[in-house]
Each structure stands twice: as structure tokens, then as C-alpha cells.
Amino acid sequence: MIGKTITSRKILLLAPLLLFLGLAYVVPFLGVVRWSFTMPEVGLGQYRALMTDPLVQSVFIRTLRICLIVTAAVLVTAYAIAYVWVRGSSVQRMLAEFCILVPFWISVLTRAFGWLAMLSNRGLINTWLQSAGVISEPLALARNELGVIIGMTHFLIPFAVFPIASAMRSIDERVLLAARGMGASRTRIFWTVFVPLTYGGLIGAALIVFVFALGFFVTPAILGGGRSVMVAELVYLRIFQSPDWGLGAAISVVLVLFIGALLALMRRFIKPAHLIG
Amino acid sequence: MIGKTITSRKILLLAPLLLFLGLAYVVPFLGVVRWSFTMPEVGLGQYRALMTDPLVQSVFIRTLRICLIVTAAVLVTAYAIAYVWVRGSSVQRMLAEFCILVPFWISVLTRAFGWLAMLSNRGLINTWLQSAGVISEPLALARNELGVIIGMTHFLIPFAVFPIASAMRSIDERVLLAARGMGASRTRIFWTVFVPLTYGGLIGAALIVFVFALGFFVTPAILGGGRSVMVAELVYLRIFQSPDWGLGAAISVVLVLFIGALLALMRRFIKPAHLIG
Amino acid sequence: MPQSMQPGDAKAAEIKAVSIGKTFGAFHALKNLSLDIGRGEFLTLLGPSGSGKTTFLMILAGFTAPTTGRLVMDGKDITDVPAEDRSYGMVFQGYALFPHLTVEQNIAFPLKVRGRSSADVKRKVGEMVERVGLIGHEKKLPAKLSGGQQQRVALARALVFEPSVLLLDEPFSALDKNLREMMQQEVKRLHQETGTTFVFVTHDQSEALALSSRVAIFNHGELLQVGKPQDVYERPSNRFVAEFLGEINLLPLDTVELNGETAAGKFEDRTIVLNKSITLAGKKAVAAVRPEHMFISASPQTSDCNAITCRVEGATYFGASTKYHLRTRSGTSLAVSMPTASTSPIAPQSDVWVSWPVHQGFLLPDGG
Amino acid sequence: MPQSMQPGDAKAAEIKAVSIGKTFGAFHALKNLSLDIGRGEFLTLLGPSGSGKTTFLMILAGFTAPTTGRLVMDGKDITDVPAEDRSYGMVFQGYALFPHLTVEQNIAFPLKVRGRSSADVKRKVGEMVERVGLIGHEKKLPAKLSGGQQQRVALARALVFEPSVLLLDEPFSALDKNLREMMQQEVKRLHQETGTTFVFVTHDQSEALALSSRVAIFNHGELLQVGKPQDVYERPSNRFVAEFLGEINLLPLDTVELNGETAAGKFEDRTIVLNKSITLAGKKAVAAVRPEHMFISASPQTSDCNAITCRVEGATYFGASTKYHLRTRSGTSLAVSMPTASTSPIAPQSDVWVSWPVHQGFLLPDGG
């Protein structure tokens, strides 16, 4: 009943903010777009190279494969963590909170480093297994694609926990009680009531994780040891190690357009509130 | 009235999850802790170095200063964006959503690169100003501490927007109408009603941003051009460029403890729901 | 009581709404509504949800602009005056207290907005706290108060600056029955003490009848009837008003003859005599009688009464009254409500006479 | 109607609650409560919020374990049987429908859980959809239904597997008045048709009186009285029950003398004769009379009536009845509710006689 009337006064108030948003977000991106068409010379040359260069192509395919595996791994783990967070005892909640929030805020690097300490040839796992006599040569756990997937999954879990936990939290406790009262077992309730009611959060989490994984750079660079080059890293290599700024810019533009398309798709299925927990 | 009873069955169900959380989060960190005490030799040597090394000290102080400036800059901007997002017209909301979500998901690198395209000596701003005859020499906008602050602020804004927007969203529209009905001007309502009702979100955002900024690494490395070394970058340099794994591990441990202390402090003031939007 | 809040005070305003219309897109929330609100009266806007009553209140408050029509207060056109300049008191559904301010600060807010001196603010807030019975709670935050206490803070905050009009939007909907009745008496008392014009929105017809000097009944964005509680309850102008204000029995009449002050029609071969509340030019009509105006007896009552035969189908006990469910010979179902104490139990499935005084029945148009 | 759902069906269960206690930390939600629920009866648990009525229902349902005491169903101890094995139907406050399932799928859920054949499920769901009047809505999601329709789905889902007990937790609290009355009749009808034992929780005393075969009144975790609606309304065992079930006038008596079937006491120098509902061994007591059992007249009524003099202070119009606010000579305030039609208007500030039949008054202990 209470209509929000947008008065002209309100629009005047908002104008400087909109100007700021444009300057902070739109203009820098336009700079990248310009570079992609002008470096080293004006034209579509960089986009043509992007379509034909077999190195670039193979990097794109590897990126896609890793991102899909990571998304699946993240969703399963994040669902479990969100479940403990939302429905566990108060001690379990605190523990889950700690596990989710602390790594979320500690730099990517410090955590990737933690994983190296676990997985590298000189790391905990190999040291333990060797000293226990289980293996004689260290296992190749880090600095390859497996390392990338473990590291990325670990990094992305918190981003998926939030939307899933939010969906779980919005479930009416009485709906679950009602199912129990009708004689349904806990397993049945979980699969036929609880999980379907969290689909919104799951879809949101899947899109967030996939998009984020696409733009992933730091963890693969460290854990993959340069052998699992992914798209975002390619941008970095092209810009800072070779002087090929134009191709780097072109890759950036393609990445942004792809992510934009995914977002547009997503808007049709779920509300933004689901995405941000 | 509906008590959640934790049955022993439930605890059994949760046990593997707790085990997983431990393996994924606690053990890797313990590996880092071990390194900090054992490399290159067993003892507190690395922590002693950390206390006395003037390079490490100055890096810590610079980190703290930059993080505080960034936190302030982020809060102001994020508040404005959250306001447009929560209370603007539907077009404004979509625009704000796009501006918040897209950069949030595009890799750190691609965005830092966008800023370089704006701020570098060959970038948009300097090119425009030079061609307009305003300046003859390019301004030093990137690859220094100013560049670091601009890049970090830009990167961290979305993390602050979510908790602030969440606090704004939970304000009862009728409370604002009530204030208007009593004759209060829009400015008065904003400062005496609207802003105080978002304090929870603001505190949450400030802590998130500050903690995140502390662990910051990638943006300063690119935009700062190696001159504004911050703590997390120091970890990286110590581990990958020199063989000083022990000091890197020690710095990591101190970082984690500091962040843990901040989190503990925060728990006393605000609910986790406020932190994650 | 401060001098300025005596009944009949010049501060009470009268408002004329002229041809107010409001559309939200294709939805007509209000259709060409005209209504005069008298100085110092207690007017209740009554209707089901979505009937437009709250939209009208929001237009009165200035929070929503009407699509068409004008609002005139004390002879001045206020259609375009924004809410903050109308200075009406308002009590919202859910109270809408400032959660970050104490009771005292909540009540002081409108005075501070008006730039009153702090001594003045302190005195007025103290008076108001006393008047609504909140002494001892001044320093508490709203979240620490019970529902009734929050309601009192909302009333105090809305009245402290002596507004010329107080608007109340379903203020008691969140309270339980006993508390609701207590707060109703409180609001009635405050109306008498302050003499301010009260405009009250509710969907509860007994609340409307008990509190108001006049009731305006809304449905589908239209104003159906305005009148004193007795008038709208006992002489509703149409079927919706009749049914919304309480249960009613409807007997279809075959032919209706108007006859001076009364009307007569046939129901199941018996002549029913009714008050001629509306003029029906030869159309079909129904006789309407409220359940509490009918009574059950073994033989027909004749003196100034109508009577029909019915079969008892059941009874529902409500404490003070018992409602009997009956069916006439032609199958029309009837409800008769009688004081529990007044009758010996009536056996189900027995045949009885249902009678009612001629002046208690009235005519309504058929199907509307 | 299927054979298996006839009234008096063996499927209806009887439940004995023996010394049930429940504590949450230091809070005693239920204190040593014993109650027998008869086979096929409609028992209502009535009380204010926080009185323990919902806790008791949750213990009956098996969602909450009692701290002390036992539950016995048809002679079998079920205290430790989990909710999913009790197979009671339950209707929750707010319906608790599965939002992702259609009406049909919601109703089919308990049958599928029981592994019924799909033909059986289809037939039973079809029957139930028809019985609750939801034909044409089978494929809709709950969000597309009105409040009343959602309520019907909740009832259908709770009854489709022919439970021996149906538990209802304030099922109508979200509905508006007209719809609530309609759904009350629906529930009453379903109770008669199925013959199942119904246990109903509400805080609305008129709902409790209208629906139940027996009412159990709770306060502060204690069961204060159990009885038929007429018994608890007209012969409450203590002041809380008397006041919670409806308004009541309390006249403090100086001395009470018991005298065979009646008791007599002094109020303002007049002898008041009352039914001796409780035995008061020489203690102080109050005479209790409901407002609708009193009437106002110009001269005292003497035949089997008590009468006192009062001054009229005001009147509130409620449509069917008008409530007069009066004060006795010694300052006790009284309310008298009379059918609006039955009296000529009574002028405020006039002195009148208030009378009531001897059998309508009863004694209550003073202060409790």
C-alpha cells in the first residue's frame, strides 16, 4: 500500500552517486576495451589471434574443465558446511563459523601456502607417508592440476556457503516438523523436502563459484607451478611478462562479456538476494 | 516453543563433517605453524627476527596505515552504492547490481589491469590530460602507494556493500514514514534515523574490509610496482623468491592470530548474519 | 491536563476529500471518493484488506499522492502539501517506533524536529509519559517493552506535538484480545481528552462500532456507506455493508409491496412485513434480519412480529450467547443467536417458530 | 464417505497424560500435568501465550520430550515413541505446507511415506480434495492459494492417512474473522465425519467454546480446569478461568454464609444470594456475574433475583449488544451487556437498578 514515490529531488540526490559508479566501474573497463582494439595496432587483430592461437584455445578448454570440477567439489562441501552452520548445536555453529570466516579473510596466498605445506613433496602428507614407510617416493600432490583443483575448491567454499546457508536459514522449521509428524524418516525429509527447498541457493552458489573460478588466478599460479595455465593467468603473463598488452586486453573483454551473459541468465532464475547470502 | 533437540543420531551424522572441517582447515594451518618453528632450524628464531628486522617492522606499519585509509574510503563509497541499490528506482537498482556484482566476480587481476589502463603513465587519464595540454609530464597515479589505495578500495567495495545493504534492507519503511509524518526533513531523517539504524552493518563492513585489506596481496603487487610491499606480499617474497620459508610461515601465523583476535572482538558486537549480507 | 488540549480545541481540523481517485498501474485502488471528516470526530475507515481504506489514509497523511481529486483542510487545499508539512500525528501498524531511541527520545523526536526548547521538550514528554502510563519506562528501548507499552509509546509520540489530526492504521492488530480492548478504551479516552480529529483504519467491525462517532465502509476502492455505528449496523444501505458488519439472515421475497412506512413481501407463503429502509422500484428483494433480533419459540409470536417455521439443525455455544442453526421449509438456512441463559435447551431436529419484530427487519436489493 | 472414516471408528485413540512436566533450563513450561483425552473427543487447550498449551501439544506430537511424566495411548506407553512413529495428523500455525509441492503432492506426501500404491494414493487424494472443496486447485503450488485454501490443504494433508489423533496448533490465527468462522465450521464438520480424536490449541476463548466437546484451560504451565464449554464458562473454578473466558463482574462480599444449595453474602448492605459452586470454609469471597446475565431496570427485580443500585457512566455500542459501564455506590465498576434492541436508551449519569437471577451468580475465592 505504501508506494515509493521517486521525486525529482531524490533523483538529484542520486545523480552524483551514479556519476561516481560510472567513473569507477565503466570508464576503466572502456580503457581495457580500447587497448584490445588498438595495441599494438588498430584493428581486430587481437580477437583474430584469440580465435586461432592454439595455446589460447587449449588454455580456455582447460579453464572450463577445471572450473566445472571445482564448482561440483565446492557445492558438495559447502552444502555440508552450511548444514552444520545452520542446523548444528551452538558449539558446532561456532566451529563452522570460524572455519568459514577465518579463511575467507586470510589472504589467498597464506592459504595456498597452507596447502603447499600439506601437499608438497616436502609437505606434511608426503613426510608422514614416507616416514611411515607407506611410500618411498613423494606423491605429486601439488604443482599440478590436482593441486589447482584442491586449492581453488578450498578457496571458493566460503563463497558458496553463504548463499546455501541463507537458503537453509529461510526454511520454515515447521515444514520439517510437519514432514516428521507425517511419518517421514530423516533421510526422506532431507532429500524430498530439505534439499528441494535449497535449490535457489544451490543455483546461486553454482553460478557464483563458476564465474569466480573462471577469473581465478592466484591459487593456480602458486599451486599449479606454472603448468596449469588458466585464462586469467594468461592475461597476467601476456601483460607483464611479454609486452602483448593488446591480447591481454582482448582476453579480458571476452571474459567480461561471458560473465555478463552468465549473470543475465542467472537474473532470470534467482533473485540477487539469494546470491549474496 | 519448538525446541531443537540434538539427538545422538544427529551427532553421528555430523561427525564426518567435523572431521572434514578439521582436515581441510585446521591441519594445513598446523603445517604452517610447524614450519615457522622448524625452518631453517628448530626454535623461536623466526619470531625473534620478526620482532627485530627493521624491514619487516616498516612493512607492518605501512600495511596498517594503508589498511586504515582503505577501510575509510571503502565505507564511504560502499554506503553510497548500497543506498542506491536498496532505495533507488528499479533502473538504478539494476545498474548498481551490475556495478557491484560484475567486478566482484571478475578476477582481481583483470580489474587491477583496468585501473592500470586508467592510471598509468600511458593510461587514459594521463593521455587525456596531456592531449588537452593540462599537464606536460604524466602524473604518478599508479605504481605507488596512491595506486595501491585506489586499487584496494575498488576491490574491497563490494565486500562492504553487502553487509551495509543488508542493514539498510532490514529497516522498516514505516519507521522512516513515521519520521516524515512528524515533520522531519529528509536530511534529518537520514542522519538521525537512517544512518543510526545501519550502524551494525557499518561496523561489520569496517571489520571485513580491514581484515581483508590486511591480507591483501595481489593488487598492491601489480599497482604498487613492488615499491609498496605489504605484509602478505612479504610472505610471498620470503617463500618464493628467497628460500626463507620459516620467516614466511612465522608471518602467516602472526597474521592469522591477529585476524582471529579481531574476529573474536567482533563477535561481541555483531551477529554473523550482519557480516555476510 | 494542559489548557491547549481541551475538547473542542481549535487545533482539531476538519478535512474534505473531494473526488479522490488513486490508480496503481491498471489497478484502481480508490474510485472517485468524497468524504467530509468533521472537526474533532472519531471516524473509522472499515473494510476488508485491499478495499482501499489504507490507501485513503496514506493519501490523508500525504505519503501517497492521489491520482485525481483534492484534499481540503479547514478551507485550504492541501493536496500537494508533503507529509512532513501536514504535521498530522500517525500511529502505524506495528508501531514503527525508532528502535535505536529510548521511550523518552522517541516521544521527544517530533518536538525536537520542531526546534522546541529542551525545557519545553522535557516538560511535554514528561506529561505525555504520565498520560499514557509509561512512568518508569522512560529510559528503555522499544525492544524491551511489551506490545501494549510499545503501542502507548506510539500514541504518545503521535500526540505529543498536539497535531490537528491523528491517523491510526490498524494500531491494535498485533495485540491479543484483552490487551486490544484495554487499548481501545485508552484511545477512546485520549480522543475525548485531546479533542483532536481521529481517523482510524481497521478491518475489525466490532472495534469500528465500539470506538467511532462515524464509520465509513470501504470495498473494492469504493466508499459504500458513512454513518453513525447504529445507522450502518441497523440500516445498512446494501448487502456488503450488512454482511461485513455482522452475521445476517437473508430471506428472498417473491413480491414486494411498498405501503407507507413499511414494505411487505411473500416468503414461503407467509407475508413478511419490514421497515422500508430503501426504495425498490418493483425489483426483487431480500428481507434481512440479524441473528440476535430473531427468537425461537414453540408458537408464532404475532404482536408486531413476523414468524416463519424452521427445523433446528444444530447449536453452537458461545458462552454469553448460543447460536442455533436452522433451515426453513424451502431450504434457506438461518442463524438465530439468543442469550444462553434466556432459553431452555432446544432439541436438534425439532420444528420451531422463528419470529422477529417488524422494526428489526429491513429490505435489501437482491444480489447486491 | 469411506467406510473406514465413520464416526466412532476404532481408529480414534484415547490418550492419558500422567504427571507431565517440562522444564527449559530454569523455566517450568509445564508443571505436573495430568489429563485424559477421550476417544473421538474434540478437546481444546486454551490459554494465553506462554501458558504451556503449545508445549503440551508438542509433547503429544512427540516433537518435544517431557522432562517428567508419561504418555499412554490406548493402554500403551508412548512417551519415548518418536513423532514419525506416532502417526498423528498435525495442522501447524501458518499451515507449514511444502512450498515446492503442488496441492495434490502435499496431500499425497503422508501416503507416499507409508508406501501406499500409486492407485491408492490417487484415489485417497482425490477423495480428500473433494471433501475439503479444493477441486480445480490440485496442480497449484501453495503460494498461489488464498489463506483459507492453504488451510484446507493443511487439513486434507493431516487427515488423508486417517490418523488416530489430529493435533491443531492455532490453525486459524492468520485468517480474518469471516474466513475463520467458516473454517471453524469446516473443522467441526470434519471432526464429526471422521470421528478422529481432535486436540486443538487456541488462545481465542470464543473459538474454544464454540468448537470443543471439552476445554482445558492453561495458565503458567498449569492445567486450571477441564470441562464442557458450559461448565467452564458458567462454573469456572477460579478467577483466572472466569476472567479468561469472558468479561466478568466481581463484587467483594463481606461475609458468606452457606445455606444448603445456595450461599449468601453482604454487598453494600444488600444480601446477595448465589449458587454454591465452590466450598469456601469461612473465607472472604467475591460474587461473580457475567455482564450478559445482568440487566438494568428502573426498579429492582425481586423474583429469584439479586439487585443493587448503580450509576450509569457510559455505553459502548457493539451492534448486537450494547455494553453499559456502571459504578456501584461503593465505587466498584460494573459492566452490563444487553441486547441493543431490547431496551430503550439509558441516559448516562442516571441512577438505575442492576439485577441478575440467583442461579447466574457464583462464588469465587477472593484474590485468586
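Residue numbers (full-length UniProt numbering), protein chains in the order written: chain H, 1 to 277; chain E, 1 to 277; chain S, 1 to 368; chain Z, 1 to 368.
Using N, Cα and C, we set each Cβ at its ideal position, and we do this for glycine too.
Going along the chain, which residues of its own chain have a beta-carbon closer than 8 Å to the beta-carbon of residue i, five neighbours each way excluded?
i: residue 395 of chain Z; result: What the structure shows of chain Z is the stretch from 1 to 368, and residue 395 of chain Z is not part of that stretch, so it cannot be assessed.
i: residue 408 of chain Z; result: No statement about residue 408 of chain Z is possible, as the shown extent of chain Z runs from 1 to 368 and does not include it.
i: serine 107 of chain H; result: Any reading at serine 107 of chain H must be qualified, since the residue scores a pLDDT of 49, below 50, and its modelled position is unreliable; the value itself is stated next. None.
i: arginine 180 of chain Z; result: Phe172 and Glu207
i: proline 348 of chain S; result: Val312, Glu313, Gly314 and Ala315
i: leucine 134 of chain S; result: Val103, Gln149, Arg152, Val153 and Ala156
Tell me residue i's beta-bridge partners as DSSP assigns them.
i: asparagine 219 of chain S; result: S/Glu222
i: aspartate 77 of chain Z; result: Z/Val72
i: arginine 131 of chain S; result: Partner(s): none; arginine 131 of chain S has no beta bridge.
i: asparagine 275 of chain S; result: S/Thr262 and S/Phe362
i: serine 337 of chain S; result: S/Lys323
i: alanine 307 of chain Z; result: Z/Ser355
i: aspartate 169 of chain S; result: S/Val201
i: phenylalanine 27 of chain S; result: S/Phe24
Leaving aside the five residues before and after residue i along the sequence, list all residues of the same chain whose C-beta is less than 6 Å from its C-beta, in chain order.
i: alanine 208 of chain S; result: Thr44, Leu46, Thr202 and Val215
i: proline 66 of chain Z; result: Ile20, Lys22 and Ile59
i: glutamate 292 of chain Z; result: Ser337
i: isoleucine 107 of chain S; result: Val125, Met128, Ala156, Arg157 and Val160
What does the Cβ neighbour count give for residue i, buried or exposed, with the cut at 16 atoms within 10 Å?
i: residue 390 of chain Z; result: This structure leaves residue 390 of chain Z out entirely; chain Z is present only between 1 and 368.
i: tyrosine 199 of chain H; result: exposed
i: aspartate 169 of chain Z; result: buried
i: methionine 168 of chain E; result: buried
i: glutamine 151 of chain S; result: buried
i: phenylalanine 24 of chain S; result: exposed
i: proline 54 of chain H; result: exposed
i: serine 185 of chain E; result: exposed
i: glycine 115 of chain Z; result: exposed
i: isoleucine 150 of chain H; result: buried
i: isoleucine 61 of chain E; result: exposed
Enumerate in chain order the residues of its own chain whose CB-to-CB distance from residue i is below 7 Å, with the five nearest sequence positions on each side excluded.
i: valine 232 of chain Z; result: Val215, Ile217, Gln225, Val241 and Leu245
i: isoleucine 164 of chain H; result: Ala78, Tyr79, Ala82, Thr198, Gly201, Leu202 and Ala205
i: valine 74 of chain H; result: Thr153, Leu156, Ile157, Ala160 and Val209
i: arginine 93 of chain H; result: Trp85
i: serine 321 of chain S; result: Ser337, Met338, Pro339 and Thr340
i: threonine 332 of chain S; result: Leu251
i: proline 300 of chain S; result: Ala307, Trp353 and Ser355
i: alanine 179 of chain H; result: Ile189 and Val193
i: glycine 181 of chain H; result: none
i: glycine 62 of chain Z; result: Val81, Pro82, Ala83 and Arg86
So residue i and residue j are supposed to be a Cβ contact under 8 Å. How far apart are they, rounded?
i: glycine 148 of chain Z; j: methionine 183 of chain Z; result: 6 Å
i: valine 199 of chain Z; j: leucine 167 of chain Z; result: 5 Å
i: proline 171 of chain Z; j: valine 91 of chain Z; result: 5 Å
i: valine 256 of chain Z; j: alanine 285 of chain Z; result: 5 Å
i: asparagine 275 of chain Z; j: threonine 262 of chain Z; result: 6 Å
i: valine 165 of chain Z; j: tyrosine 95 of chain Z; result: 19 Å between Cβ atoms; not a contact.
Any heavy atom of the ligand ADP closer than 8 Å to the beta-carbon of residue i?
i: aspartate 120 of chain S; result: In the structure shown, the ligand ADP is absent, as is every other ligand, since no ligand is present at all.
Open item on the list: Under 7 Å, CB to CB, which of the residues in the region 180-196 of chain S have a partner in chain Z?
Closed with: Those residues of the region 180-196 of chain S that come within reach of chain Z (Cβ to Cβ, closer than 7 Å) do not exist; the list is empty.
TODO: Could you name the residues of the region 202-222 of chain S whose beta carbon sits closer than 8 Å to any beta carbon of chain Z, in the order they occur along the chain?
DONE: From the region 202-222 of chain S, only His203, Asp204, Gln205, Ser206, Leu209 and Ala210 have a Cβ closer than 8 Å to chain Z.
TODO: With 8 Å as the C-beta to C-beta threshold (strictly closer), list the residues of the region 147-175 of chain H near chain Z in chain order.
DONE: Within the region 147-175 of chain H, the qualifying residues are Asp172, Arg174 and Val175.
TODO: For the region 41-65 of chain H, enumerate the residues whose C-beta is nearer than 8 Å to any C-beta of chain Z, in chain order.
DONE: Correct list: empty, as no residue qualifies.
Open item on the list: Using a Cβ-Cβ cutoff of 8 Å, what residues of the region 93-124 of chain S are near chain E? List them in chain order.
Closed with: Only those residues of the region 93-124 of chain S whose C-beta falls short of 8 Å from the nearest C-beta of chain E are listed: Gln93, Gly94, Ala96, Leu97, Phe98, Pro99, His100, Phe109, Pro110, Val113 and Arg114.
Task: Residues, ordered as in the chain, of the region 52-67 of chain Z that lie near chain H by beta-carbon distance below 7 Å - done: Answer set for the region 52-67 of chain Z: Ala61 and Phe63.
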